[in-house]
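Numbers in the working numbering are just positions in the sequence shown, counted from 1, shifted up by 18.
Backbone N, C-alpha and C fix where the C-beta goes; we use that ideal spot for every residue, glycine too.
Predicted model only: the values in this text are computed from it and were never measured.
Below is one structure; the comments refer to it alone.
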Amino acid sequence: MSEQRTVWGTGLSTTSEDGTVLDAWFPHPQFGAPTESAEDAALAADLRELEGADAARRVTREVVVVEIDLDAPPASTADAYLRLHALSHLLVRPNELSLDGIFGHLPNVAWTNAGPVHPDVAAARRAHLLAAGIQVQSLDKFPRLLDYVTPRGVRIADASRVRLGAHLSPGTTVMHEGFVNFNAGTLGSSMVEGRISQGVVVGDGSDIGGGSSIMGTLSGGGAHRVAIGARTLLGANAGIGISLGDDCIVEAGLYVTAGSKIVLADEEPDATGARPVVKGAALSGRDGILFRRNSLTGAIEAVRRSGVGVTLNEALHA
């Protein structure tokens with residue numbers, strides 16, 4: 019990550035008629051402090067052409083210039099949106115900036131095919147909006163990534179499955195049932211067919227199988243931020259609440275948490291014939307492990323493995 023700890027951007031903010039700031043779009047966020055370069059002046063001029071009122075949505079759009087300290091908590095709605103843009107423009111990686119209290123600065127918004135609308139306005143003017151061809155697509159604090167950022171070298175099959183603030187590196191494919199939350203994402207080429215929760219990062223060359231789940235800090239994962247290493251496979255319908263190192267495999271359908279009792283199947287048994295048992299937390303982040311379910315006993319087992327965990331289709335992720 020860059021040593022610079024400030025980010026700024028010229029953006030277009032949307033404010034509802036009651037004064038609620040609904041969103042802010044920053045086409046070109048940058049490190050450092052605001053400049054007066056020709057490129058930045060041209061961007062500001064383009065955005066000023068979009069300023070003004072939208073009678074159908076009962077909103078006003080205006081140009082804003084925002085500078086943020088990445089180590090300080092968000093101070094406004096525009097500040098919060100600039101942080102989400104910084105993540106999705108790959109200026110910073112997940113968990114490398116402060117998002118403390120961000121929910122308090124993100125109002126609940128009726129997201130439409132024409133832009134954000136205050137929920138009360140959407141309810142009161144439903145017939146007018148429909149007559150104007152404006153449809154509500156979701157009601158949420160976070161918008162879709164693709165409504166604000168077009169990440170380079172990335173495929174997203176269903177726009178509704180990826181939130182603004184997702185960090186998607188070139189070579190990433192998010193299939194229809196894949197999901198990527200804000201402050202989460204990939205650090206290289208990856209196949210995503212499962213859920214990447216808030217705070218989770220996935221290493222280069224890894225595969226998140228269909229229907230799989232990665233426990234995030236917002237969904238009961240506690241303080242530990244789960245990470246997946248490189249060339250690791252999280253099998254279909256599997257799940258983890260611990261980190262995985264490089265070249266690991268979690269068998270399809272198996273859920274491994276910090277408290278799971280895991281048999282170390284490679285270790286020598288004791289005098290009673292029992293092999294050592296540890297909790298999942300003891301194996302968190304280790305490289306080269308196959309996690310599997312013993313089909314006879316039902317016990318979760320960990321087996322040391324060598325070689326590459328998974329190899330992605332190079333043509334698919336080019």
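| Under the three-state DSSP convention, the category Ser34 falls into | Position 16 of the sequence shown, counted from the first residue, corresponds to residue 34. Three-state DSSP puts Ser34 in a strand.
- Message: For His194, count the other beta carbons within 10 Å of its own beta carbon; 16 or more makes it buried, fewer makes it exposed. Which is it?
- Response: Indexing the sequence shown from 1 puts residue 194 at position 176. The residue is exposed, with fewer than 16 neighbouring Cβ atoms inside 10 Å.
Item to check | Terminal residues of the alpha helix (DSSP H) in which Ser106 lies | outcome: Residue 106 sits at position 88 when you count from the first residue of the sequence shown. Thr95 to Ser106 is the span of the alpha helix (DSSP H), which, as asked, contains Ser106.
- Query: Between the beta-carbon of Phe49 and the beta-carbon of Leu109, is there less than 8 Å?
  - Reply: Taking the first residue of the sequence shown as 1, we reach residue 49 at position 31. Taking the first residue of the sequence shown as 1, we reach residue 109 at position 91. Result yes, Cβ atoms of Phe49 and Leu109 sit closer than 8 Å.
**Prompt:** Helix, strand or coil: which one does DSSP assign to His46?
**Reply:** In the sequence shown, counting from the first residue as 1, residue 46 sits at position 28. His46: coil per DSSP, three-state reduction.
Next item on the list: Look up Thr315 in the DSSP assignment and give the residues it is bridged to.
Entry: Reading the sequence shown from its first residue, position 297 is the one you call residue 315. Answer is none; Thr315 lacks a bridge partner.
- Task: Give the straight-line distance between the Cα atoms of Ser117 and Ser313, rounded to the nearest whole angstrom.
- Result: Numbered from 1 along the sequence shown, position 99 holds the residue referred to as residue 117. Numbered from 1 along the sequence shown, position 295 holds the residue referred to as residue 313. The amino acid occupying residue 117 in the given sequence is Leu; Ser does not appear at that position. Answer to the nearest angstrom: the Cα atoms are 43 Å apart.
| said: Can you look up Pro134 in the DSSP assignment and give me helix, strand or coil? | reply: The residue labelled residue 134 in the question sits at position 116 within the sequence shown. Here Pro134 sits in strand by DSSP.
Quick one: what does DSSP say His123 is sitting in, helix, strand or coil?
Here residue 123 refers to the residue found at position 105 of the sequence shown. The DSSP-derived three-state label of His123 is helix.
ask   = Taking the beta strand (DSSP E) that Ala56 falls in, what are its first and last residues?
value = Position 38 of the sequence shown, counted from the first residue, corresponds to residue 56. Counting along the chain, Ala56 sits inside no beta strand (DSSP E); it lies in the alpha helix (DSSP H) bounded by residues Ala56 to Arg66.
* Asked: From Arg243, Val83, Pro45 and Ala60, pick the residue whose C-alpha is nearest to that of Ala16; which is it?
  -> This structure cannot speak to residue 16, because the chain is shown only from 19 to 336.
Tell me whether Arg162 sits in a helix, a strand or coil according to DSSP, three-state version.
Position 144 of the sequence shown holds residue 162. Of the three classes helix, strand and coil, the one that applies to Arg162 here is strand, per DSSP.
For this session: Determine which residues share a DSSP beta bridge with Ala245 and list them.
Result: If you number the sequence shown from 1, residue 245 lands on position 227. Per DSSP, Val219.
- Should Ala104 be labelled buried (16 or more other beta-carbon atoms within 10 Å of its own) or exposed? Translated into positions along the sequence shown, residue 104 becomes position 86. Result: buried.
Practice item. List the DSSP bridge partners of Phe309. Key: The count along the sequence shown starts at 1 and reaches residue 309 at position 291. In DSSP, Phe309 forms a bridge with Val268 and Ala320.
Neighbourhood of Lys297 by C-beta, 8 Å cutoff - its chain only, sequence neighbours within 5 removed | Looking up residue 297 in the sequence shown gives position 279. Here the set comprises Ala276, Gly277, Ser278, Lys279 and Ile280.
May I ask you to list the residues that DSSP assigns as paired with Ala202? Within the sequence shown, residue 202 is the residue found at index 184, counting from 1. DSSP, once it has assigned bridges, lists Ala184 as partnering Ala202.
Margin query: Can you tell me whether Glu211 is buried or exposed? The criterion is at least 16 other CB atoms within 10 Å of its CB, across all chains shown.
Written below: One-based indexing of the sequence shown puts residue 211 at position 193. The C-beta of Glu211 has 16 or more other C-beta atoms within 10 Å across all chains shown, which makes the residue buried.
Exercise. What's the gap between the Cα of Ala256 and the Cα of Val268?
Worked result: Your numbering for residue 256 matches position 238 in the sequence shown. Your numbering for residue 268 matches position 250 in the sequence shown. Straight-line Cα distance between these residues: approximately 7 Å.
| said: Taking 6 Å as the limit between beta carbons, can you name the residues of its chain near Asn199, skipping five residues before and five after? | reply: The residue you call residue 199 lines up with position 181 of the sequence shown. Closer than 6 Å at the Cβ level, and outside the excluded window around Asn199, lie Arg181, Ser215 and Gln216.
Would you kindly work out how many angstroms separate the C-alpha atoms of Leu163 and Ala300, rounded to a whole number? Here residue 163 refers to the residue found at position 145 of the sequence shown. Here residue 300 refers to the residue found at position 282 of the sequence shown. Roughly 36 Å between the two C-alpha positions.
Whole angstroms are fine: how far does the CA of Gln155 sit from the CA of Asp284? For this step, residue 284 is matched to residue 266 along the sequence shown. For this step, residue 155 is matched to residue 137 along the sequence shown. Taking the straight line from one Cα to the other gives about 51 Å.
Which residue wins for smallest C-alpha separation from Ala30, given the options Val81, Glu54, Pro47 and Arg243? As a working mapping, residue 30 is identified with position 12 in the sequence shown. Checking the sequence shown, residue 30 turns out to be Leu, not Ala. Of the residues Val81, Glu54, Pro47 and Arg243, the one whose Cα lies closest to the Cα of Leu30 is Val81.
Discussion item. In whole angstroms, give me the CA-to-CA distance for Gly234 and His185.
Written reply: Residue mapping note: residue 234 aligns to position 216 of the sequence shown, counting from 1. Residue mapping note: residue 185 aligns to position 167 of the sequence shown, counting from 1. Gly234 and His185: Cα-Cα distance of roughly 15 Å.
Would you call Gly37 buried or exposed, if buried means 16 or more other Cβ atoms sit within 10 Å of its Cβ? Numbered from its first residue, the sequence shown carries residue 37 at position 19. Per the 10 Å Cβ criterion, exposed.
Checklist entry - For the alpha helix (DSSP H) that contains Arg144, what are its first and last residues? => result To locate residue 144, count along the sequence shown from 1; it is residue 126. Per DSSP, Arg144 belongs to the alpha helix (DSSP H) from Arg144 to Ala149.
Q. Taking Cβ to Cβ, would you say Val25 is nearer than 8 Å to Leu88?
A. In the sequence shown, counting from the first residue as 1, residue 25 sits at position 7. In the sequence shown, counting from the first residue as 1, residue 88 sits at position 70. At a Cβ-Cβ threshold of 8 Å, Val25 and Leu88 count as neighbours.
*Which residues in the same chain have their Cβ closer than 7 Å to the Cβ of His46, if we skip the five residues on either side of it in sequence?*
For the purposes of this step, residue 46 is identified with residue 28 of the sequence shown, where counting begins at 1. Correct list, in chain order: Gly27 and Leu61.
Worksheet entry | Cα-Cα separation between Pro161 and Glu332, rounded to whole angstroms | Numbered from 1 along the sequence shown, position 143 holds the residue referred to as residue 161. Numbered from 1 along the sequence shown, position 314 holds the residue referred to as residue 332. If you draw a straight line from the Cα of Pro161 to the Cα of Glu332, it comes to about 31 Å.
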